[in-house]
Amino acid sequence: MAEGYCVKCKAKREIANGVEETMKNGRKAIKGKCPTCGTVMFKILGGKAAPAPTTPPATS
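Counting in this note's numbering, the sequence shown tops out at residue 41, every number present.
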């Protein structure tokens, strides 16, 4: 799975029970728990959000 930073342990840890989610802005992230202390970990994945589809103005 993915590796993230646990703010409670102050160390990089493997994200346990990670689930891929899509944030409001369209970017993907992984949310899971720290295997050591159980704190929720959240890692934003690379890449840009997909641009919103735009329709060109109608020309008549």
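Note that CB positions come from ideal geometry on N, CA and C, so glycine has one too.
- Comparing alpha-carbon positions, the option among LYS(-11), GLU1, THR40 lying closest to ILE11 turns out to be GLU1.
- THR40 has its alpha-carbon roughly 36 Å from the corresponding atom of MET4.
- Around the C-beta of CYS15, 16 or more other C-beta atoms lie within 10 Å, and the residue is accordingly described as buried.
- Non-local C-beta neighbours of ASN(-2) in its own chain, meaning closer than 8 Å and more than five positions away in sequence, comprise GLY13, LYS14, ordered along the chain.
- For ILE25, the uninterrupted beta strand (DSSP E) run begins and ends at 21 to 25, by DSSP.
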